[in-house]
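**Student:** Residue numbers (my numbering), protein chains in the order written: chain Z, 2 to 221; chain S, 2 to 221. So that we are looking at the same thing, I have put the structure below in structure tokens.
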DNA sequence: CCCCAAACAGTGACTAAGTCACAGACGCAA
DNA sequence: TTGCGTCTGTGACTTAGTCACTGTTTGGGG
């Protein structure tokens, strides 16, 4: 196994061979189809997850059925929600869903703890994963508490658009990104369309003036 | 040193003597007066902090001057914001302020890494600290995104009240707890007073019907 | 003792966002 | 073609946040 998955993680690639061996021998490769619920409130974790390919969306759901996206885990990142539960034994307060097909490796709790104890590179990977997620979630708090919805919507449209400036998402999907309500997003989108910055079709939005959107997204 | 500070942390009290020795020898005791800014955006951490006594309030501040409290670190807990920055090197996105006089021990980065490598109990402490904080912050997201302000205010009044049912805080202070605006909180408080659930004085609020407040705080 | 500057609190008018209850519109499958 | 489920539009209303004020208390300094 010369081109192992460990070489995809910069913190792990430089590891001593014996540490790499520990990880590669004990890890279990998994492949998940799009739309799989990786973890959810009320389910305890049993292993640590490293994403190789694809993206996992981590979100919270309210009792009233509204949702908000907290962050996404993409290739080369660890899913700290699993780590978190592995250690504290607490239940998840969020859920993780694969947005695409996801290739990952699952490291059982025992091997995880051994790797943490032995490998400083592995510790670095796990801790920086925690740090990054805390930053992400704090950013979400900042946004929902203090920022205007039109600005946040513009940010998301820019972030979610493909190279052609197209977003394939329903208004409901966008509302879930922002933690808002579908009707509110529909009205905001209509206003952006009125200004000529986007064009709206069923299940799809095209950016027609990205510069104006960037200006709105970056306004203080 | 028979009654060392390490015995205040359940994860550390059971440690082998040599691990305790490492921590106690390398840690630096600090005592901070109330109102000290422990960390703030744009300042990098240089050591890991364990709080022995007192509380540190961790909050975010918006460009418009509004604030929101994320969580509090109390005696026997680690301040993971310092850990986070220690590892990722990223700047703080929040600020920490002592609410009372705080006794703490600061563990330099080198000793921290050594302890992490050697002591599973210390790892447990650090990881569970992370997990708890992530839960806290996710809870904040849930609240600001989805819950009504009157319910959140009732929750905070109950949480902040002393055994006599009194809260010494200005309306501005409460607004900062909730990430809302002072005028909004003033109006909410007036409504609670109109219902006879609280009584309002300058800089102080007294709960007069905690049961009704609990009912509001727990409503779904 | 009185004055006065801060800090604290109250208010009205307005804008932004969320809720509720619908009514259309579109698109695929039977 | 005709449903039927998903997606979107809309009006009326409530809740929350903003702005620009005014009023009120309070603890020093003169």
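The C-beta atom is built at its ideal place from N, Cα and C for all residues, glycine as well.
Report the rounded CA-to-CA distance for residue 33 of chain Z versus residue 42 of chain Z, giving the unit in angstroms.
**Tutor:** Spanning the two alpha carbons is a distance of roughly 19 Å.
**Student:** Give a yes or no on whether the C-beta atoms belonging to residue 117 of chain S and residue 106 of chain S are separated by under 8 Å.
**Tutor:** Their beta carbons are not under 8 Å apart, which means residue 117 of chain S does not touch residue 106 of chain S by this criterion.
**Student:** If we count the other Cβ atoms within 10 Å of its Cβ and call it buried at 16 or more, is residue 149 of chain Z buried or exposed?
**Tutor:** Exposed: under 16 other Cβ atoms inside 10 Å.
**Student:** Roughly how many angstroms separate the alpha carbons of residue 6 of chain Z and residue 23 of chain Z, rounded to a whole number?
**Tutor:** Looking at the two C-alpha atoms, the distance is approximately 13 Å.
**Student:** I need the boundaries of the beta strand (DSSP E) containing residue 48 of chain S, first residue and last residue.
**Tutor:** Looking at the DSSP string, the run of the beta strand (DSSP E) that includes residue 48 of chain S is 48–54.
**Student:** Would you check if the distance between the CB atom of residue 143 of chain Z and the CB atom of residue 61 of chain S is smaller than 8 Å?
**Tutor:** Yes, Cβ-Cβ distance for residue 143 of chain Z and residue 61 of chain S is below 8 Å.
**Student:** In its own chain, which residues sit with a C-beta less than 7 Å from the C-beta of residue 1 of chain S, not counting the 5 before and 5 after it?
**Tutor:** Residue 1 of chain S cannot be examined here, being either before or after the span of chain S that is shown, 2 to 221.
**Student:** Buried or exposed for residue 29 of chain S, going by 16 or more other Cβ atoms inside 10 Å?
**Tutor:** Counting Cβ neighbours within 10 Å, residue 29 of chain S comes out exposed, since fewer than 16 surround it.
**Student:** Examine chain Z for any beta-carbon lying closer than 8 Å to the beta-carbon of residue 67 of chain S, and answer yes or no.
**Tutor:** Output row for residue 67 of chain S: interface = yes.
**Student:** Can you list, in chain order, the residues of its chain whose CB lies under 7 Å from that of residue 71 of chain Z, leaving out five sequence neighbours each side?
**Tutor:** So the qualifying residues of the chain are 59, 60, 61, 95, 137, 138, 141.
**Student:** Please decide whether residue 71 of chain Z counts as near chain S, where near means a Cβ-Cβ distance under 8 Å.
**Tutor:** Residue 71 of chain Z counts as touching chain S.
**Student:** Got a sec? Which residues, its chain only, sit under 6 Å from residue 213 of chain S by beta carbon, not counting five neighbours each side?
**Tutor:** 198, listed in sequence order.
**Student:** If you reduce the DSSP assignment to three classes, tell me which class residue 76 of chain S lands in.
**Tutor:** Residue state, collapsed to three classes: coil.
**Student:** Under 8 Å, Cβ to Cβ, is there at least one residue of chain Z near residue 60 of chain S?
**Tutor:** So, not an interface residue.
**Student:** Relative to the C-alpha of residue 11 of chain S, which residue among S/119, S/112, S/79, S/196 is closest?
**Tutor:** Of S/119, S/112, S/79, S/196, the residue nearest in Cα terms is S/79.
**Student:** When Cβ atoms are compared, which residues of the stretch 137–161 of chain S fall closer than 9 Å to chain Z?
**Tutor:** Hits within the stretch, in order: 138, 139, 140, 141, 142, 143, 145, 146, 147, 148.
**Student:** Would a check of beta-carbon distances place residue 63 of chain Z closer than 8 Å to chain S?
**Tutor:** Yes, its Cβ sits closer than 8 Å to a Cβ of chain S.
**Student:** Please name the residue in Z/173, Z/111, Z/57 whose C-alpha comes closest to that of residue 102 of chain Z.
**Tutor:** Comparing Cα positions, the closest option is Z/57.
**Student:** Going by the CB atoms, is the gap between residue 217 of chain S and residue 151 of chain S shorter than 8 Å?
**Tutor:** Yes.
**Student:** Go ahead and label residue 134 of chain S buried or exposed: buried means 16 or more other beta carbons lie within 10 angstroms of its beta carbon, across all protein chains shown.
**Tutor:** Buried: at least 16 other Cβ atoms inside 10 Å.
**Student:** Rounding to the nearest angstrom, what Cα-Cα distance links residue 9 of chain S and residue 130 of chain Z in this structure?
**Tutor:** Between residue 9 of chain S and residue 130 of chain Z, the C-alpha separation is close to 28 Å.
**Student:** According to the Cβ coordinates, are residue 104 of chain Z and residue 158 of chain Z closer than 8 Å?
**Tutor:** Not in contact: residue 104 of chain Z and residue 158 of chain Z (Cβ atoms no closer than 8 Å).
**Student:** Taking only runs that begin and end inside the stretch 118–185 of chain Z, name each unbroken alpha helix (DSSP H) of 4 or more residues, in chain order.
**Tutor:** Qualifying alpha helix (DSSP H) stretches, in chain order: 121–147, 150–161, 172–179.
**Student:** For residue 74 of chain S and residue 16 of chain S, I'd like the C-alpha separation in whole angstroms.
**Tutor:** Computed Cα separation, rounded: 23 Å.
**Student:** Based on DSSP bridge pairs, tell me the residues matched to residue 30 of chain Z.
**Tutor:** Answer is Z/106.
**Student:** Out of Z/175, Z/171, Z/165, point me to the one whose CA is closest to residue 156 of chain Z's CA.
**Tutor:** Cα-wise, what sits closest to residue 156 of chain Z is Z/175.
**Student:** Indicate the three-state DSSP secondary structure (helix, strand or coil) for residue 202 of chain S in the structure shown.
**Tutor:** Correct three-state label for residue 202 of chain S: strand.
**Student:** Would you identify the three-state DSSP class for residue 207 of chain Z, choosing helix, strand or coil?
**Tutor:** Three-state DSSP puts residue 207 of chain Z in a strand.
**Student:** Could you compute how far the alpha carbon of residue 65 of chain S sits from the alpha carbon of residue 178 of chain S?
**Tutor:** Roughly 16 Å between the two C-alpha positions.
**Student:** Could you check the C-alpha separation between residue 188 of chain Z and residue 36 of chain S for me, to the nearest Å?
**Tutor:** Distance between the alpha carbons of residue 188 of chain Z and residue 36 of chain S: 44 Å.
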